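K.L.:
One structure coming up, written as structure tokens, with questions to follow.
In this note's numbering, the protein residues as written are 4 to 361.
Below, the structure written as structure tokens:
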């Protein structure tokens, strides 16, 4: 009798029987390789060089303190009274200074750890909070300045809290109208009492309005017994001015004709012992300008006709902190004749972000 059952083509079942176990073996090997030899972790972000520098300085100062303390114990136990009288007071003074330096470095380190950007670019800006700061809470990074300043503003004009408007992208919008402007005092830096540092902001001005002073960054010594000291960037009428102020007036150190309307600008003030560097850079067209200020240069300026009485380089022991302002000025011969803006004209300055390094 003939067998009529349909049969499969020869070889197909055998091939499947061979390849299925082989594929399973490969999958098992791949899994084992992944388990026993995991993929390397992605590289960590590059360390912030400012943190590294501060740690190195702190390690050096702490080592010096330990050596000085050991030497001081040795001197105090010395039977040589003349040696003790000659060296102990000087070493105690040096130790005091070094401990103060260490305390400042610890503060600087805390500030850098607090403000470090959340990505590898250590030169990147720190953004502001997108929510308004708490009113009258001066422990925050900044607080809007409030009230009139009649010595430099026209009657009826004042700074207002609501003229500072945080933006969703972490920038701060400063607004101005006929009666009010926006300004911030960098309260956290004020509390740190720094005598040196590298301060950076990036800002954009939509257009320079006559009678208005745009001041994206300046350093100020609040409460100095010697009178207020300032290193200022002040922008108006299509120019950038680098100004130095003391308790008895201001002095224009450099004036640069440069209309930066619409430019994204970087402003830096680098304060070091016996030297201050002020730098303005357009991130829009690459233009840059820099002024290095020294005590010797200020002494020469002080001899010029019309220089303010007692113009001087701010002493190194005087703490200074940043301020940012947008305001109407009362001297049209300097900042231009104020005119009321058109209904659709906004007078604004936006600060995109900042960076503070020791």
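By construction, the Cβ of each residue, glycine as well, lies at the ideal position given by its N, Cα and C atoms.
Please read these numbers as outputs of a predicted model, since none were measured by experiment.
(1) Just confirm the distance between the C-beta atoms of residue 108 and residue 60, as a whole number of angstroms; I'd bet it's less than 8 Å.
(2) Helix, strand or coil for residue 111? Go by DSSP, reduced to three states.
(3) Taking the beta carbon of residue 179 as the centre, do at least 16 other beta carbons fall within 10 Å, making it buried, or is it exposed?
(4) How big is the Cα-Cα spacing for residue 65 and residue 105?
(5) Based on DSSP bridge pairs, tell me the residues matched to residue 291.
(6) With burial defined as no fewer than 16 other Cβ atoms inside 10 Å of the residue's Cβ, what is the status of residue 249: buried or exposed?
(7) Does the stretch 335-346 come into contact with the stretch 194-210, if we say contact requires no fewer than three beta-carbon pairs (one atom in each stretch) closer than 8 Å?
(8) What alpha helix (DSSP H) runs, 4 residues minimum, are completely inside the stretch 305-342?
(9) Looking at residue 277: is its Cβ nearer than 9 Å to the Cβ of residue 298?
(10) So for residue 155, helix, strand or coil by DSSP?
(11) Leaving out the 5 sequence neighbours to the left and right, which residues in its chain are closer than 7 Å to residue 242 when beta-carbon positions are compared?
(12) For residue 140, name the three-state secondary structure that DSSP assigns.
(13) When DSSP builds the beta bridges, which residues end up paired with residue 164?
(14) May I ask you to report which of helix, strand or coil DSSP gives residue 207?
(15) Following the continuous alpha helix (DSSP H) through residue 190, name the residue where it begins and the one where it ends.
(16) Looking at the structure shown, is residue 75 part of a helix, part of a strand, or coil, going by DSSP?
(17) Determine contact between the stretch 133-151 and the stretch 80-99, defined as no fewer than three beta-carbon pairs at a distance below 8 Å.
(18) One question on the structure: do residue 247 and residue 236 come within less than 9 Å of each other, judged by their Cβ atoms?
(19) Does the beta-carbon distance from residue 302 to residue 293 come in below 9 Å?
(20) Which term fits residue 245, buried or exposed, when burial requires 16 or more other beta carbons within 10 angstroms of its beta carbon?
(21) My understanding is that residue 322 touches residue 197, with C-beta atoms under 8 Å, so please give their C-beta distance in whole angstroms.
(22) Residue 59 bridges to which residues according to DSSP?
(23) Is it right to say residue 328 is buried, meaning 16 or more other beta carbons lie within 10 angstroms of its own, or is it exposed?
(24) Compare the Cα-Cα distances from residue 326 to each of 224, 319, 361 and 332 and report the closest residue.
(25) Using beta-carbon positions only, say whether residue 136 and residue 169 come within less than 9 Å of one another.
(26) Of the choices 272, 184, 313 and 286, whose alpha-carbon is the least far from that of residue 295?
(27) Beta-carbon within less than 6 Å of residue 130's beta-carbon, same chain only, minus the 5 sequence neighbours each way: which residues are those?
(28) Quick one: Cα of residue 360 to Cα of residue 194, how far?
(29) Of the residues 58, 219 and 289, which one's Cα is nearest the Cα of residue 353?
(30) How many angstroms separate the CA atom of residue 153 from the CA atom of residue 279?
(31) Classify residue 125 as helix, strand or coil using the three-state DSSP reduction.
(32) Measuring alpha carbon to alpha carbon, tell me which residue in 211, 239 and 314 is nearest residue 265.
(33) Quick one: measure Cβ to Cβ for residue 214 and residue 332, integer angstroms, because I've assumed they're closer than 8 Å.
(34) Which value, in whole angstroms, describes the spacing of the CA atoms of residue 132 and residue 103?
(35) To the nearest whole angstrom, what separates the beta carbons of residue 348 and residue 176, a pair I think is in contact under 8 Å?
(36) Going along the chain, which residues of its own chain have a beta-carbon closer than 8 Å to the beta-carbon of residue 86, five neighbours each way excluded?
P.N.:
In short, the structure shows the following:
(1) 6 Å
(2) helix
(3) buried
(4) 7 Å
(5) 284
(6) buried
(7) no
(8) 335-338
(9) yes
(10) coil
(11) 258, 259, 260 and 261
(12) coil
(13) Residue 164 is not bridged to any residue.
(14) strand
(15) 190-195
(16) helix
(17) no
(18) no
(19) no
(20) buried
(21) 6 Å
(22) Paired residue(s): none; residue 59 is not in a bridge.
(23) buried
(24) 224
(25) yes
(26) 272
(27) 173 and 356
(28) 15 Å
(29) 219
(30) 29 Å
(31) Per-residue confidence for residue 125 stands at a pLDDT of 47, beneath the threshold of 50, marking its modelled position as unreliable; the derived number appears in the next sentence. DSSP places residue 125 in coil when its eight states are reduced to three.
(32) 211
(33) 7 Å
(34) 31 Å
(35) That pair is no contact at about 15 Å.
(36) 78
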